[in-house]
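Chemist:
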Amino acid sequence: MVCVTGLTTNLSDGGRHMSFLKLNNVSVSYSGNAVARNVSFSLEKGETLGIAGESGCGKSTLAKAMLGILPKSAELTGSIKYCGKELVGMTEKECSALRGNEISMVFQDPSAALNPIRKIKHQFYDIFDTHRSDRKATDEEIIHFLNHVHLPAPEQMLDRYPTQLSGGMKQRIVIAMAICKTPQLLIADEPTSALDAEIRLQIIDEIVSLKERLGFGMIYISHNMAELSKVADKIMVMKNGSVIEYKKTAELFASPEQSYTKELLAAAD
Amino acid sequence: MSTLLEVSNLTKLFSTRSSQFSSKKAAQFAAVEDVSFSLNRGETLGLVGESGCGKTTVANLLLKLLNPDKGQIVFDGEDITLLKGYKQLYPLRRNIQAVFQNSGSSLDPHMTLGDIITEPIRNYHLPVKGQAEKHLELVGLPPEWVSRKPHQLSGGQRQRVSIARAMILNPSLLILDEATSNLDVITSAQIIKLMHHLHEEHDVAIIFISHDISAVDKLCMKKAVMKDGKIVETLDSLSLETAKHPYTKRLIQSKLTVCL
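As you go down the protein sequences, you meet chains X and Z in turn. If you're matching positions, the first sequence starts at 2 in my numbering and goes up one per residue. If you're matching positions, the second sequence starts at 4 in my numbering and goes up one per residue.
Structure below.
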């Protein structure tokens, strides 16, 4: 296995300025078994990094490490710097102040991300920490964000339960929830893999257009290279927890070096 | 080539509830409506369409896990539409096997791979010796894995075990219901390659149900496009040139292609 820890130097300025997000030799292990090994990369604001690789290669573990939501049994080493702040070793209180406000996440399965027995508006109230007195103003704000993700008749969505919505609608709501506190960094972990082909394309376009309008930095995780070609400025390929290739998107598609990357690209055709 | 399966005007109705928490039945809707198609021996048919369009209901009707409200299913010259109960279905199930989407839930976590794979032949009182190893090899897994349990395998490996279990009775029809949807792209491509190989070597007819049109295009000779419970178009190639129905065209346009 080739472990490419020094690849960041190809794509950054060699550390002359403070990166928006910078991971340096990040490793995650459970009871001594490494799930992610010596991962390093940097991301600028407004830029999108695609992370590719098969199931179980450590993509989602890395995302959880950046959000500070790894289980207690995980051992995290290395450095994760967000706007100069070190996230490794932060207390839960400090992490939760960043989560949602600064760093937000869209997960793969919108059905698991939404509470099935609570109305959509109540799930937004939780995010806004809304009290009974200011619900009317919050409703208007929710509609504003539901409009952002192009949900039809957003005012009718407020009183619906997740089970009354299609998979695509639920994922749009999850995306609206992720952006409603205007985060600076969005982590999208396989946001379209639970969706139909037609809806998948719409959600990809939605995320790309939101990123352009709101200007946040994004980490987009997928095992589909065709999908990453639409969203990512640069792509990092992972296998068995290690980064095996890390290049600008066009460069990776033009000259993949590792045989695993070539296999991934062949499967995208 | 002789006809293996003839489906005519198949309709399945389901009742909806008046509200989420009510047990009152409000109305009926057709999950499958007037579906007709035929399949020759050794042929592969892809059934594509969005979630909820009725693909899985068609599979469940063919597998006799559901009974149709209207229509007829003729398999191998026999009308199986009204067959019910263990005794009547016992001979049929030997010839129609299925692989489902979630290999995690379709394999018993307490059983070894050897027991899982040979369960169908034990049910039909056929010789078991050496069959588990042979079929593990058939699907590209090491024969010494017979004593492993499903949790020790990856999603793709578990799906191979499901395929081995389905193939052990040498069925004439194999129904794959979103069998590659839970897998990553490389594993999915490997499973499709395996199905290609099995189809060519064993001459088994395949109905491959998927919302991934690239996967269907790679494996199947004929493609039927479903929408709202109906087959809107059947065609040999999923291309914009050959597609006539606007929904088929939309589906083809939604195929993810590399965009640099």
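The beta-carbon is built from N, C-alpha and C at its ideal position, and this holds for glycine as well. This one's a predicted model, so the numbers in the text were calculated from it and none came from an experiment.
(1) Grouping DSSP H, G and I as helix and E and B as strand, with all else coil, what is X:I118?
(2) Within 8 Å (strictly less), CB to CB, does Z:G143 reach chain X?
(3) Taking the straight line between their C-alpha atoms, what separation do you get for X:C84 and Z:N105?
(4) From which residue to which residue does the beta strand (DSSP E) around X:A268 run?
(5) Cβ of X:H132 within 7 Å of any heavy atom in the ligand ZN?
(6) Taking the straight line between their C-alpha atoms, what separation do you get for X:L24 and X:K82?
(7) If you draw a straight line from the C-alpha of Z:F103 to the C-alpha of Z:H128, how long is it?
(8) State yes or no: is the beta carbon of Z:A192 nearer than 8 Å to at least one beta carbon in chain X?
(9) Considering only the alpha carbon of each residue, which of X:I204, X:A195 and X:Y221 lies closest to Z:H214?
(10) Which residues mark the beginning and the end of the alpha helix (DSSP H) in which Z:G158 is found?
(11) At what residue ranges does the stretch 137-186 of chain X contain a whole run of the alpha helix (DSSP H), taking only runs of 4 or more?
(12) Looking at chain Z, which residues of the stretch 232-260 of chain X have a Cβ within less than 9 Å of any of its Cβ atoms?
(13) What in chain Z is Cβ-close to X:D197, meaning under 7 Å?
(14) Could you tell me which chain X residues have their CB closer than 8 Å to the CB of Z:T260, listed as they occur along the chain?
(15) Leaving aside the five residues before and after Z:S257 along the sequence, list all residues of the same chain whose C-beta is less than 7 Å from its C-beta, in chain order.
(16) With 8 Å as the threshold, decide whether the Cβ of Z:V188 is near any Cβ in chain X.
(17) Mind checking if Z:I124 is an interface residue toward chain X, Cβ cutoff 8 Å exclusive?
(18) Listed in chain order, which residues of the stretch 41-55 of chain X have Cβ atoms closer than 7 Å to some Cβ of chain B?
(19) Comparing C-alpha positions only, which one of Z:T260, Z:F32, Z:I216 and Z:F211 sits nearest to X:S230?
(20) Please determine if the stretch 189-205 of chain X and the stretch 109-124 of chain X are in contact, where contact requires at least 3 C-beta pairs separated by less than 8 Å.
(21) Can you tell me where the beta strand (DSSP E) holding Z:Q75 begins and where it ends?
(22) Hey, Z:I76 and Z:L13: beta-carbon distance below 8 Å or not?
(23) Kindly give me the distance between the Cβ atoms of X:G69 and X:R100, rounded to whole angstroms, as I take these residues to be in contact under 8 Å.
(24) Please say whether X:A179 and X:V107 have beta carbons closer to each other than 8 Å?
(25) Report back the beta-carbon spacing between X:A189 and X:I222 to the nearest angstrom; my notes put them in contact at under 8 Å.
(26) With 8 Å set as the bound, which would you pick, yes or no: does the beta-carbon of Z:G158 sit closer than that to a beta-carbon of chain X?
(27) Less than 8 Å between CB atoms is the rule here; does Z:R253 satisfy it with respect to chain X?
Modeler: Let me spell this out:
(1) Locating residue 118 of chain X in the first sequence gives position 117, where the first residue counts as 1. In the structure shown, X:I118 sits in coil (DSSP, three-state: anything other than H, G, I, E or B).
(2) Along the second sequence, one-based indexing puts residue 143 of chain Z at 140. Chain X contact via Cβ: absent.
(3) For the purposes of this step, residue 84 of chain X is identified with residue 83 of the first sequence, where counting begins at 1. For the purposes of this step, residue 105 of chain Z is identified with residue 102 of the second sequence, where counting begins at 1. Near 41 Å, if we compare the C-alpha coordinates of Z:N105 and X:C84.
(4) Within the first sequence, residue 268 of chain X is the residue found at index 267, counting from 1. Counting along the chain, X:A268 sits inside no beta strand (DSSP E); it lies in the alpha helix (DSSP H) bounded by residues S260 to A268.
(5) No copy of the ligand ZN occurs in the structure displayed, which carries no ligand at all.
(6) To locate residue 24 of chain X, count along the first sequence from 1; it is residue 23. To locate residue 82 of chain X, count along the first sequence from 1; it is residue 81. So the alpha carbons of these two residues sit roughly 6 Å apart.
(7) What you label residue 103 of chain Z is simply residue 100 of the second sequence in a count that begins at 1. What you label residue 128 of chain Z is simply residue 125 of the second sequence in a count that begins at 1. One C-alpha to the other measures close to 24 Å.
(8) The residue you call residue 192 of chain Z lines up with position 189 of the second sequence. At least one chain X Cβ lies under 8 Å of Z:A192.
(9) One-based indexing of the second sequence puts residue 214 of chain Z at position 211. The shortest CA-to-CA distance from Z:H214 to any of X:I204, X:A195 and X:Y221 is the one to X:A195.
(10) Walking along the second sequence from the start, residue 158 of chain Z turns up at place 155. Segment G158 to M170, the alpha helix (DSSP H) holding Z:G158.
(11) For secondary structure counted as the alpha helix (DSSP H) over 4 or more consecutive residues, the stretch 137-186 of chain X holds these complete runs in sequence order: 155-158 and 168-180.
(12) If the cut-off is 9 Å between Cβ atoms, the stretch 232-260 of chain X has T250, A251, F254 and A255 near chain Z.
(13) Position 196 of the first sequence, counting from 1, holds the residue named residue 197 of chain X. In chain order: E53, S54 and H214.
(14) Working through the second sequence from its first residue, we reach residue 260 of chain Z at position 257. Contacts between Z:T260 and chain X, judged by CB atoms closer than 8 Å, involve A227 in chain order.
(15) Within the second sequence, the letter at position 254 stands for residue 257 of chain Z. Here Z:S257 has no same chain residue with a Cβ atom under 7 Å from its own Cβ, once five neighbours each way along the sequence are excluded.
(16) Along the second sequence, one-based indexing puts residue 188 of chain Z at 185. By this cut-off, Z:V188 is an interface position.
(17) For the purposes of this step, residue 124 of chain Z is identified with residue 121 of the second sequence, where counting begins at 1. No, Z:I124 lies away from the interface with chain X (no Cβ there is under 8 Å from its Cβ).
(18) No chain B is present in this structure, whose protein chains are X and Z.
(19) As a first step, residue 230 of chain X must be located in the first sequence, where it is residue number 229. When only C-alpha atoms are compared, the closest one is Z:T260.
(20) A contact exists between the stretch 189-205 of chain X and the stretch 109-124 of chain X.
(21) Reading the second sequence from its first residue, position 72 is the one you call residue 75 of chain Z. Per DSSP, Z:Q75 belongs to the beta strand (DSSP E) from K73 to F78.
(22) Position 73 of the second sequence, counted from the first residue, corresponds to residue 76 of chain Z. Position 10 of the second sequence, counted from the first residue, corresponds to residue 13 of chain Z. Yes, the pair counts as a contact, with Cβ atoms nearer than the cut-off.
(23) By one-based count along the first sequence, residue 69 of chain X stands at place 68. By one-based count along the first sequence, residue 100 of chain X stands at place 99. Correct: roughly 7 Å between the Cβ atoms.
(24) Counting from one through the first sequence, the residue named residue 107 of chain X turns up at place 106. Counting from one through the first sequence, the residue named residue 179 of chain X turns up at place 178. A contact, by the Cβ cut-off of 8 Å.
(25) Here residue 189 of chain X refers to the residue found at position 188 when the first sequence is read from its first residue. Here residue 222 of chain X refers to the residue found at position 221 when the first sequence is read from its first residue. Correct: roughly 7 Å between the Cβ atoms.
(26) Start at 1 with the first residue of the second sequence, and residue 158 of chain Z comes out as number 155. Answer yes: the Cβ-Cβ gap between Z:G158 and chain X drops below 8 Å somewhere.
(27) Along the second sequence, one-based indexing puts residue 253 of chain Z at 250. Under the Cβ criterion of 8 Å, Z:R253 is counted among the residues facing chain X.
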